[in-house]
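K.L.:
The sequence shown begins at 1 in UniProt numbering and counts up by one. All C-beta atoms in this analysis are idealised placements derived from N, C-alpha and C, irrespective of residue type, glycine included.
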Amino acid sequence: MSSEIEVVEDVQPLKQSDGVVANGNGYYGGGNNGVVGGFVDDESLRNDVYTVAAYGDLEKLQRLVEYEGRSLSEPDGLGYYALQWAALNNRTAAAQYIIEHGGDIHAADHNGQTALHWSAVRGAIQVADILLQEGARVHAADIYGYQVTHVATQYGQTAFLYHIVSKWNADPDIPDYSGSSPLHWAAYKGFADCIRLLLFLDADRGRQDKEGCTPLHWAAIKGNLEACTVLVQAGKKEDLMITDNSGLTPAQLASEKNHRQGNARRLLEKRCDGNNRLGRLSKLSLAPVLLFIILVMLVTYTQSVITASNLPKLTAGFGLLAWMGVFLASAGLVMFYRCSSKDPGYIKMNALDPQNMKDSERLLKIEINNPILLAGNWSQLCATCKIVRPLRAKHCSTCDRCVEQFDHHCPWVSNCIGKRNKWDFFLFLVLEVLAMLSTGAVAITRIVTDPLAPSPFFPWINHAFTHHIGAITFLIVDFFLFFGVAALTVVQASQIARNITTNEMANVMRYSYLRSATGRFRNPYDHGCRKNCSDFLINGYNEDVQISEEPAHFEGIGMVQMGRDLNLENGDLETAANRNGHIAINVNSSDANAHHHGHGHSHSHGHSRGHVHSSQCNHSKPSKPKNESVPLGLGIGLGLGHGRSNGRSVATS
């Protein structure tokens, strides 16, 4: 893919460089941008409408326009408009003023980008609303076919994408001129939240671009594990078998880059390999096997321990204890049936059929005011069930349903364990542990107290295996089953006491709601052992009531810093002067060299600047040294030679 708008974030300029960026070929703001000797002083900082619009200085903007007669409809020296600068930094007042005083909302720069494109870079929703209310075209495309939805996904602006699609009916699945949809871009960039939203909106996950690549191909090429996971979970096995123009599947592409994308490769190979033992085991319905084992154990215990003819008759008290084990095991079977057959807490799937819906009836439209989405909790979107699920609900890949308070999928009961059947599952475990403990104790006592057994140890062992082989076999199986089930029971009891699920424990570093503002583990649902246990035992489940935490304070949307000479503390930036004579800055240096997906041959679209990659290419080359002075600003890189042969990032010189 060609590059997109590249914006440098969080870089502090030198003391006087808080102004307009200049490069070797010219500088932003035309000939009068206040750059003196490579620095921008405070006096000249807001001396042109472009810089003033970028900073949102409405008072200065009014003075420049109304008293000095500056034009708002003319571009700066590099072809960018004041309205674009205001849109980039979400300067609503400045944008409204520019529109009211001659600024053209349809004005496009040399790349065909309008102010609406620029508003998507940093998710400037308020400015985008103003532009669209004033008549901006939501489907406007630049010279490479990028619409506003493409730009939003290139920068992971999920909230902006949600807003522009739900309120303004932007197309979330439109391909650009290379055949790449927003989903291709989100997959390549690794923005999992954008992927979830686009899949929720029925974006075509099997769409192939001009190179035959699906979104999963590009996620595999870049080794974006979470992106691969979301796409695979939402897709079908056929998606893994799609080949690009070179005849390679996503798993094969990831395998070619196994020196960098091992996790993604293993994920895809695991999903592709139908003979994978672990995968087959998770899909098996082992409930009949477990039922058979329990019944055989009960019959063996009854005939070889309780009613064995070669053992003395039971006393009344000891007989009660012996039959108590049978009762506990039978009660456990009842709970086993309930756990296997009961609804674990399936969430109703969206009944709307995308095939029969009109374009104006997008699935997201029913969720336009959903507080979960408005809060930006995109992980609660289920692309398969087409629902906004509760925070602790997860999609089970085996059952293919979302389950409330998803704990795990248990093949031994052939069902998910969730909010509605976890009580039955836990009671089943407890009853079986007690049954195995009591029956094992009875079996040992019966064998040891056999009056016909000899006193010496080895002859006694020989006698037990000769005359009580059924009881010995029962003891051995009971011994191994007891420790396994007892360990599972202890783990479940510990999690119930802390009101946390097995799935949450396994993904504690992935789920943001299990982290505090400082990044440390914090379970917001832990109300103390006593309350957690009492609520679970009485109600059968715990309510999802969070303990409030002091909210973290985050910086608002910032200004794109514009300065000529900088002292970069995190200097992993790469710059490239493009043929339009301005600077394109790549925030991710590893992406800057990832021009091609490494088939070992070229997918050329007639662009001479493309770098042909192979599996031997080094995509982890170090960027410029830290603390090196690098021009900083906005590189409008959409004009760089478009095509997959140029790669999916800024083309470097």
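Between the Cα of Ala54 and those of Asp76, Ala86, Asp48, spot the shortest distance and give me the residue it belongs to.
P.N.:
In the sequence shown, counting from the first residue as 1, residue 54 sits at position 54. The shortest Cα separation from Ala54 among Asp76, Ala86, Asp48 belongs to Ala86.
K.L.:
Output needed for Ile472: all residues of its chain with C-beta closer than 7 Å, excluding positions within five of it in sequence on either side, in chain order.
P.N.:
Residue mapping note: residue 472 aligns to position 472 of the sequence shown, counting from 1. Contacts found: Ala464, Phe465.
K.L.:
Give the secondary structure of Leu240 by DSSP, where H, G and I count as helix, E and B as strand, and everything else as coil.
P.N.:
Within the sequence shown, the letter at position 240 stands for residue 240. Of the three classes helix, strand and coil, the one that applies to Leu240 here is helix, per DSSP.
K.L.:
Could you check whether Val121 and Leu88 sit closer than 8 Å to each other, using their CB atoms as the reference points?
P.N.:
Stepping through the sequence shown from its first residue, residue 88 is reached at position 88. Stepping through the sequence shown from its first residue, residue 121 is reached at position 121. It is a contact, given that the beta carbons lie within the stated cut-off.
K.L.:
Alpha carbon to alpha carbon, what distance is there between Ala108 and Val560?
P.N.:
Taking the sequence shown and counting its residues from 1, the one referred to as residue 560 is at position 560. Taking the sequence shown and counting its residues from 1, the one referred to as residue 108 is at position 108. Any reading at Val560 must be qualified, since the residue scores a pLDDT of 49, below 50, and its modelled position is unreliable; no value is offered.
K.L.:
At which residue ranges does the segment 37 to 122 contain complete alpha helix (DSSP H) runs of 4 or more residues, listed in the order of the chain?
P.N.:
Listed in chain order, they are 49 to 55, 58 to 66, 82 to 88, 92 to 100, 115 to 121.
K.L.:
Under a three-way DSSP split, which group does Cys385 fall into?
P.N.:
The residue given as residue 385 occupies position 385 in the sequence shown. It is coil, neither helix nor strand.
K.L.:
Taking Cβ positions, are residue 678 and Leu514 nearer each other than 8 Å?
P.N.:
With the chain represented from 1 up to 653, any question about residue 678 goes unanswered, as that position is not in the structure.
K.L.:
If I follow the unbroken alpha helix (DSSP H) through Arg498, where does it start and stop?
P.N.:
Against the sequence shown, residue 498 aligns to sequence position 498. Counting along the chain, the alpha helix (DSSP H) containing Arg498 begins and ends at 469 to 498.
K.L.:
Which residue marks the beginning of the alpha helix (DSSP H) containing Arg446, and which one marks its end?
P.N.:
Reading the sequence shown from its first residue, position 446 is the one you call residue 446. That run of the alpha helix (DSSP H) goes 422 to 448.
K.L.:
Note down, in chain order, each residue of its chain lying with its Cβ closer than 6 Å to the Cβ of Ala383, except the 5 sequence neighbours on either side.
P.N.:
Sequence index remark: in the sequence shown, residue 383 carries index 383 (1-based). Cβ neighbours of Ala383 beyond the five flanking positions: Arg196, Leu199, Phe200, Ala234.
K.L.:
Pick out whichever of Val413, Ser494, Ile417 has its Cα sitting closest to the Cα of Phe406.
P.N.:
Your numbering for residue 406 matches position 406 in the sequence shown. The candidate whose alpha carbon is nearest that of Phe406 is Ile417.
K.L.:
Is it buried or exposed for Glu256, if we count other Cβ within 10 angstroms and need 16 for buried?
P.N.:
Stepping through the sequence shown from its first residue, residue 256 is reached at position 256. So Glu256 ends up on the buried side.
K.L.:
According to DSSP, which residues form a beta bridge with Val413?
P.N.:
By 1-based counting over the sequence shown, the position of residue 413 is 413. In DSSP, Val413 forms no bridge with anything.
K.L.:
So for Cys213, helix, strand or coil by DSSP?
P.N.:
Mapped onto the sequence shown, residue 213 falls at position 213. Coil, per DSSP.
K.L.:
For Cys396, which three-state DSSP category applies?
P.N.:
Position 396 of the sequence shown, counting from 1, holds the residue named residue 396. Correct three-state label for Cys396: strand.
K.L.:
Rounded to the nearest angstrom, how far is the Cβ of Ile496 from that of Asn532, given a contact under 8 Å?
P.N.:
Here residue 496 is taken as the residue at index 496 of the sequence shown, counted from 1. Here residue 532 is taken as the residue at index 532 of the sequence shown, counted from 1. Sure, about 7 Å apart at Cβ, within 8 Å.
K.L.:
In or out: Arg70 buried (at least 16 other Cβ within 10 Å) or exposed?
P.N.:
Locating residue 70 in the sequence shown gives position 70, counting from the first residue. Buried, by the Cβ-count rule.
K.L.:
Between the C-alpha atoms of Ala227 and Ala192, what's the straight-line distance to the nearest angstrom?
P.N.:
By 1-based counting over the sequence shown, the position of residue 227 is 227. By 1-based counting over the sequence shown, the position of residue 192 is 192. Roughly 5 Å between the two C-alpha positions.
K.L.:
Put Asn275 into one of helix, strand or coil per three-state DSSP.
P.N.:
In the sequence shown, residue 275 corresponds to position 275, counting from 1. Residue placement at Asn275 is poorly supported in this model, since its pLDDT is 44, which falls under 50; the coordinates still yield a value, given next. Correct three-state label for Asn275: coil.
K.L.:
For the beta strand (DSSP E) containing Val403, list its first residue and its last residue.
P.N.:
The sequence position of residue 403 within the sequence shown is 403, counting from 1. From DSSP, the beta strand (DSSP E) with Val403 extends over 401 to 403.
K.L.:
Taking the alpha-carbon of Ala220 as reference, which of Leu64, Tyr81, Pro250, Trp323 has the nearest alpha-carbon?
P.N.:
Along the sequence shown, one-based indexing puts residue 220 at 220. With distances taken between Cα atoms, Ala220 lies closest to Pro250.
K.L.:
Our contact map puts Phe482 next to Val433 with C-beta atoms below 8 Å; I'd like the distance itself, whole angstroms only.
P.N.:
Taking the sequence shown and counting its residues from 1, one reaches residue 482 at position 482. Taking the sequence shown and counting its residues from 1, one reaches residue 433 at position 433. Right, the Cβ-Cβ distance comes to about 7 Å (below 8 Å), so this counts as a contact.
K.L.:
Taking the C-alpha atoms as reference points, what is the distance between Pro454 and Asn310?
P.N.:
Here residue 454 refers to the residue found at position 454 of the sequence shown. Here residue 310 refers to the residue found at position 310 of the sequence shown. When rounded, the distance between both Cα atoms is 14 Å.
K.L.:
Alpha carbon to alpha carbon, what distance is there between Gly528 and Ala128?
P.N.:
Stepping through the sequence shown from its first residue, residue 128 is reached at position 128. Stepping through the sequence shown from its first residue, residue 528 is reached at position 528. Approximately 47 Å, taken between the alpha carbons.
K.L.:
Assuming Ile143 and Ala152 are in contact, meaning their beta carbons sit under 8 Å apart, how far apart are those beta carbons, in whole angstroms?
P.N.:
Numbered from its first residue, the sequence shown carries residue 143 at position 143. Numbered from its first residue, the sequence shown carries residue 152 at position 152. 18 Å between Cβ atoms; not a contact.
K.L.:
Going by DSSP in three states, Val127 sits in which element: helix, strand or coil?
P.N.:
The residue labelled residue 127 in the question sits at position 127 within the sequence shown. DSSP places Val127 in helix when its eight states are reduced to three.
K.L.:
Would Ala140 pass as a contact of Leu161 if the rule is Cβ separation under 8 Å?
P.N.:
The residue labelled residue 140 in the question sits at position 140 within the sequence shown. The residue labelled residue 161 in the question sits at position 161 within the sequence shown. No, they are not a contact pair.
K.L.:
Using C-beta distances below 8 Å, list every residue in its chain close to Leu314, excluding the 5 sequence neighbours before and after it, in chain order.
P.N.:
Here residue 314 refers to the residue found at position 314 of the sequence shown. Excluding sequence neighbours, Leu314 sits near Ile306, Ala322.
K.L.:
Report the partner residues of Phe336 according to the DSSP bridge assignment.
P.N.:
Along the sequence shown, read from residue 1 onward, the residue named residue 336 stands at position 336. Phe336 is not bridged to any residue.
K.L.:
Figure out for me which residue from Asn415, Ile105, Gly212, Phe536 has the closest Cα to the Cα of Leu253.
P.N.:
Taking the first residue of the sequence shown as 1, we reach residue 253 at position 253. If we check each option's Cα against that of Leu253, Gly212 comes out closest.
K.L.:
Is it a yes or a no for the segment 447 to 462 touching the segment 340 to 348, going by three-plus beta-carbon pairs under 8 Å?
P.N.:
With a cut-off of 8 Å, the segment 340 to 348 and the segment 447 to 462 do not count as touching, because too few Cβ pairs lie within range.
K.L.:
Just tell me which of Asn507, Ala435, Ser379 has its CA closest to the CA of Leu333.
P.N.:
In the sequence shown, the residue the question calls residue 333 occupies position 333. Ranking the options by Cα distance to Leu333, first place goes to Ala435.
K.L.:
On the DSSP bridge list, what partners appear for Phe521?
P.N.:
For the purposes of this step, residue 521 is taken as residue 521 along the sequence shown, with counting starting at 1. The partner list for Phe521 (beta bridge, DSSP) reads Arg515.
K.L.:
Enumerate, from N- to C-terminal direction, the unbroken alpha helix (DSSP H) stretches of 4 or more residues contained entirely within the segment 291 to 349.
P.N.:
Qualifying alpha helix (DSSP H) stretches, in chain order: 316 to 341.
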